[in-house]
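Novice: Same order as they appear, the protein sequences are chains W and A. The first sequence begins at 0 in numbering that gives the first Met the number 0 and counts up one residue at a time. The second sequence begins at 0 in numbering that gives the first Met the number 0 and counts up one residue at a time. Structure incoming, see below.
2 protein chains.
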Amino acid sequence: MAHPQIKQATLRDIADEVGVSYQTVWRVVNDHPNVAKATRSRVQRAVEELDYRPHRAAQMLTTGRSYILQLVIFEYGHSDRLPAILHWGREYGYSIIVTELEVPPTAASVRSVLRETSQMIDGLLFLMPYPHLNYDDLSDLCQGRPFVVVNTKLGSKMPSVVFDQWNGARSAVSHLIDLGHREIAEISGPLDHFDGAMRHRAWEVFLGNNGLEPSLTAAGDFSVCSGYLCAGQILAQKRPFTALFVGNDTMALGALRALHEAGLRIPQDVSVVGFDDIPIAAYFDPPLTTMRQDFEALGRESIEYLVSRIGNLDVPIQQRVLYPELVIRKSTQQNPV
Amino acid sequence: MAHPQIKQATLRDIADEVGVSYQTVWRVVNDHPNVAKATRSRVQRAVEELDYRPHRAAQMLTTGRSYILQLVIFEYGHSDRLPAILHWGREYGYSIIVTELEVPPTAASVRSVLRETSQMIDGLLFLMPYPHLNYDDLSDLCQGRPFVVVNTKLGSKMPSVVFDQWNGARSAVSHLIDLGHREIAEISGPLDHFDGAMRHRAWEVFLGNNGLEPSLTAAGDFSVCSGYLCAGQILAQKRPFTALFVGNDTMALGALRALHEAGLRIPQDVSVVGFDDIPIAAYFDPPLTTMRQDFEALGRESIEYLVSRIGNLDVPIQQRVLYPELVIRKSTQQNPV
DNA sequence: CTCTGCATTGTGAACCATCACATCGAATCA
DNA sequence: TGATTCGATGTGATGGTTCACAATGCAGAG
Chain W
0 MAHPQIKQAT
10 LRDIADEVGV
20 SYQTVWRVVN
30 DHPNVAKATR
40 SRVQRAVEEL
50 DYRPHRAAQM
60 LTTGRSYILQ
70 LVIFEYGHSD
80 RLPAILHWGR
90 EYGYSIIVTE
100 LEVPPTAASV
110 RSVLRETSQM
120 IDGLLFLMPY
130 PHLNYDDLSD
140 LCQGRPFVVV
150 NTKLGSKMPS
160 VVFDQWNGAR
170 SAVSHLIDLG
180 HREIAEISGP
190 LDHFDGAMRH
200 RAWEVFLGNN
210 GLEPSLTAAG
220 DFSVCSGYLC
230 AGQILAQKRP
240 FTALFVGNDT
250 MALGALRALH
260 EAGLRIPQDV
270 SVVGFDDIPI
280 AAYFDPPLTT
290 MRQDFEALGR
300 ESIEYLVSRI
310 GNLDVPIQQR
320 VLYPELVIRK
330 STQQNPV
Chain A
0 MAHPQIKQAT
10 LRDIADEVGV
20 SYQTVWRVVN
30 DHPNVAKATR
40 SRVQRAVEEL
50 DYRPHRAAQM
60 LTTGRSYILQ
70 LVIFEYGHSD
80 RLPAILHWGR
90 EYGYSIIVTE
100 LEVPPTAASV
110 RSVLRETSQM
120 IDGLLFLMPY
130 PHLNYDDLSD
140 LCQGRPFVVV
150 NTKLGSKMPS
160 VVFDQWNGAR
170 SAVSHLIDLG
180 HREIAEISGP
190 LDHFDGAMRH
200 RAWEVFLGNN
210 GLEPSLTAAG
220 DFSVCSGYLC
230 AGQILAQKRP
240 FTALFVGNDT
250 MALGALRALH
260 EAGLRIPQDV
270 SVVGFDDIPI
280 AAYFDPPLTT
290 MRQDFEALGR
300 ESIEYLVSRI
310 GNLDVPIQQR
320 VLYPELVIRK
330 STQQNPV
């Protein structure tokens, strides 16, 4: 009825059962040579029968390895990146402790989390697209524990896995230019956010490179609400534009709403491109042209890299780069002019 | 440069530093009486200086407590429930290992996760709105470790925390009836999902109670895509309806799109009510009338209940119920008839 | 028939915090 | 003053796994 408090079998239990020493059992469990075949199979049967599994705490105490990773999240729209990280963590044999911290990241907040967990984790993953903490800060905070940063600055010297926001944004803007648009407005993400800033800068530069004026812009915070408000600000300037590049899909949803309310048709009056390709983007009104990011690959690469650094401290510090991909739907069309 | 592999101070290190026994240090750290004031403060200074913290693995080995919980997720739209759970876990001093499993839940899949983690966690939280595993199954799988189920069936005998979907759905439907609607269609969630089924059943019953015909319905799977398709199915029946109750906001988004494409105006031609009040619901076209669920409270209650069960196995098995709340926006209006 | 070599098995100590118990000295009471 | 109590501190063993090393037994070489 109540909690039976089931007692886990230990090495000694198995040893007593079979009539050998715990060391012999240990050798069988850990696939060491020098155990007689007959002994080995007897031990294996007992292990099976008593459902022996090495006690993680004891293992942790002697080896210093816990097979637990910690994921520290600072992102708003993190939820799309999470499943792949969890999945690949398991795939590599690690459990993942997830911690969410307030934006912006501070050394103090990270320190206070790590005080509680640092002793029981093998490595850290920071989902932290912000410039507030650099490599030295993190190295210091992690006290020698391996870490990998997901979504940091393209070109950063940290051990990291990132999407190439620069070329991603370029693809988005090029798509609009190729369609003949000359007045391309922008709703950027927050400029203290690496992705937001990089996408904004790319918009600015590629417009300039094409002899266009990168001036009609407003900065949001990636929320649907800010997308709505920024679109309002842009419309309030009463300057003509036939295309709008939005820093992420969520803001694009807010922007679509504001444009509709202003009586503008998408894409006939304004072509809109988003960024991320969140699952619902294909169901916006109209379905959104956007930049897809392969979060599955992001999770896999992040875990793989972190685990390899845990296994061997000499794995070089590098940045692994993934590339976004343009997905054309119904929110963009040829400029009728 | 490389990993300095910083050595954590132990009880003995502090003891040697101060010139007392490890036991005395232990007493100071654990706030036990019977330590001379002078000794206590000398020890405290050394603890401070060497940044001593009890080694979690060793603590775990002797006490059997890890201060780690495991959250097992089976939900599609789990992302809105997660932050509050993580937050309140920390608040109560627990780290949380998050694991995502495929729907539907099976004993085998849960067992395989617990094989890896069960030895190092103090309790489990199942986010599992499915009937596949009952109390006995879970008790068996958890082997006496305390657990709490989030989002299970209203009225279930499991230790659980749930929203009252029945009264929530009744509020939504009543709102439509109060507005004078007589033909109320429905897009339900999956019927093997507790929330989906309960909301559907409530729609059915309350329409019947009001002398209305609960026949125009289609079942989706909570995805935006299914919302779009189900709306199409309903429209294809060419039967009149002036209101639509949708099983969650995400499907409502898909449905809005389908209704728009069919040339129907919201709310002039059709009033729409969703469920969940996800953050973007206020930015749909039009802003969605929906049922809000307080996920913050859900997280707090779940953690509080689980932690109390960990502390005292005699805490009674109960179901804690939270109530959704109607949020009226622009997608519903008086039936013009 | 002894000695070396090797496969097989076992012993002891370490990791670090915890808990039960032992010791010591000083203060209290009869 | 001797017995008792109590506060302050220390010792020893425990938990389960891991690792270095010791011990045993048997084979083949000399």
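We put the beta carbon where it would ideally sit given N, CA and C, even for glycine. This structure is a prediction, so every number in the text was calculated from the model and none was measured.
Does the beta carbon of Met-59(W) sit closer than 7 Å to a beta carbon anywhere in chain A?
Specialist: So, interface residue.
Novice: Return helix, strand or coil for Arg-328(W), following the three-state DSSP convention.
Specialist: Coil, per DSSP.
Novice: Determine the contact status of Ser-159(A) and Gln-292(A), defining contact as a CB-CB distance below 7 Å.
Specialist: No.
Novice: Determine, for Pro-266(W), whether the minimum Cβ-Cβ distance to residues of chain A falls below 7 Å.
Specialist: Cβ-Cβ to chain A under 7 Å: no for Pro-266(W).
Novice: Can you tell me which of Leu-123(A), Tyr-129(A), Gly-210(A) puts its alpha carbon nearest to the alpha carbon of Ser-173(A)?
Specialist: Minimum Cα distance to Ser-173(A) is reached at Gly-210(A).
Novice: Near Cys-141(A), what residues of its chain come up, given a Cβ to Cβ distance below 8 Å and the 5 sequence neighbours on each side ignored?
Specialist: Leu-113, Ser-117, Leu-123.
Novice: Of all the residues that make up the stretch 211 to 238 of chain W, which are near chain A by a beta-carbon distance shorter than 9 Å?
Specialist: Against chain A - using a Cβ distance shorter than 9 Å - the residues of the stretch 211 to 238 of chain W are Ser-222, Val-223, Cys-224, Gly-226, Tyr-227.
Novice: Here's the rule I'm using: 16 or more other beta-carbon atoms within 10 Å means buried, otherwise exposed. How should Ala-168(A) be labelled?
Specialist: Ala-168(A) should be labelled buried.
Novice: Does any residue of chain A have a CB that is nearer than 7 Å to the CB of Ile-56(W)?
Specialist: Strictly speaking, residue 56(W) in this sequence is Ala, with Ile absent from that position. Output row for Ala-56(W): interface = yes.
Novice: So Arg-114(A) contacts chain W; which residues on that side make the cut at Cβ distance below 8 Å?
Specialist: Those within 8 Å of Arg-114(A) in chain W are Arg-52.
Novice: Since Gln-292(W) meets chain A, which of its residues come closer than 7 Å, beta carbon to beta carbon?
Specialist: The premise fails here: Gln-292(W) is roughly 17 Å from chain A at the closest Cβ pair, so nothing lies under 7 Å.
Novice: Classify Asp-248(A) as buried or exposed, calling it buried when 16 or more other Cβ atoms lie within 10 Å of its own Cβ.
Specialist: By the 10 Å Cβ count, Asp-248(A) comes out buried.
Novice: What residue does the beta strand (DSSP E) around Gln-164(W) start on, and which one ends it?
Specialist: Not the beta strand (DSSP E): Gln-164(W) falls in the alpha helix (DSSP H), residues 164 to 177.
Novice: Measuring only the C-alpha atoms, how far is Ala-56(W) from Leu-81(A)?
Specialist: About 27 Å.
Novice: Name, going along the chain, the residues of the stretch 265 to 289 of chain A whose beta-carbon falls closer than 8 Å to a beta-carbon of chain W.
Specialist: Within the stretch 265 to 289 of chain A, the qualifying residues are Pro-278, Ile-279, Ala-281, Tyr-282, Phe-283, Asp-284.
Novice: Closer than 8 Å, Cβ to any Cβ of chain A: which residues of the stretch 116 to 137 of chain W, in chain order?
Specialist: Within the stretch 116 to 137 of chain W, the qualifying residues are Thr-116, Gln-118, Met-119.
Novice: What's the C-alpha gap between Ile-302(W) and Val-71(A)?
Specialist: Distance between the alpha carbons of Ile-302(W) and Val-71(A): 20 Å.
Novice: Report the rounded CA-to-CA distance for Phe-162(W) versus Ala-235(A), giving the unit in angstroms.
Specialist: Taking the straight line from one Cα to the other gives about 43 Å.
Novice: Could you work out which residue in Ser-94(W), Glu-90(W), His-54(W), Arg-52(W) is closest to Ile-67(W) when comparing CA atoms only?
Specialist: Out of Ser-94(W), Glu-90(W), His-54(W), Arg-52(W), Ser-94(W) has the C-alpha closest to the C-alpha of Ile-67(W).
Novice: Counting contacts by CB-CB distance shorter than 7 Å, is Ala-251(W) in contact with chain A?
Specialist: It does not: the Cβ of Ala-251(W) has no partner Cβ on chain A nearer than 7 Å.
Novice: By a C-beta neighbour count over all protein chains shown, 10 Å radius and 16 as the cutoff for buried, is Arg-238(W) buried or exposed?
Specialist: Counting Cβ neighbours within 10 Å, Arg-238(W) comes out exposed, since fewer than 16 surround it.
Novice: My parser needs the beta strand (DSSP E) runs of 3 or more residues fully inside the stretch 80 to 143 of chain W; what are they?
Specialist: Entirely contained in the stretch 80 to 143 of chain W, the beta strand (DSSP E) runs reaching 3 residues are, in chain order, 94 to 99, 122 to 126.
Novice: Taking Cβ-Cβ distances shorter than 7 Å, what residues in chain W pair up with Pro-82(A)?
Specialist: Correct list: Glu-99.
Novice: Out of Ala-254(A), Asp-191(A), Asn-133(A), Arg-89(A), which one is the CA nearest neighbour of Glu-185(A)?
Specialist: For Glu-185(A), the nearest C-alpha among the options comes from Ala-254(A).
Novice: Rounded to whole angstroms, what is the Cα-Cα separation between Gln-22(W) and Pro-53(W)?
Specialist: Whole-angstrom Cα-Cα distance: 13 Å.
Novice: Determine whether the beta carbon atoms of Ala-230(A) and Leu-190(A) lie at a separation below 7 Å.
Specialist: Not a contact, by the Cβ cut-off of 7 Å.
Novice: Using a Cβ cut-off of 7 Å (strictly closer), state whether His-174(A) contacts chain W.
Specialist: No, because no Cβ of chain W sits closer than 7 Å to the Cβ of His-174(A).
Novice: Would Ser-108(W) count as contacting chain A if we go by Cβ distances under 7 Å?
Specialist: With 7 Å as the cut-off, Ser-108(W) does not count as an interface residue toward chain A.
Novice: Could you tell me if Ala-97(W) is buried or exposed, where buried requires 16 or more neighbouring beta carbons within 10 angstroms of its beta carbon?
Specialist: Correcting the residue type first, residue 97(W) is Val in the shown sequence and not Ala. Val-97(W) should be labelled buried.
Novice: Under 7 Å between C-beta atoms, does Leu-305(A) make it to chain W?
Specialist: Answer no: the Cβ-Cβ gap between Leu-305(A) and chain W never drops below 7 Å.
Novice: Just list the alpha helix (DSSP H) runs in the stretch 226 to 310 of chain W, keeping only unbroken ones of 4 residues or longer that don't cross its boundaries, in chain order.
Specialist: As far as the stretch 226 to 310 of chain W is concerned, its whole alpha helix (DSSP H) runs of at least 4 residues are 248 to 260, 294 to 310.
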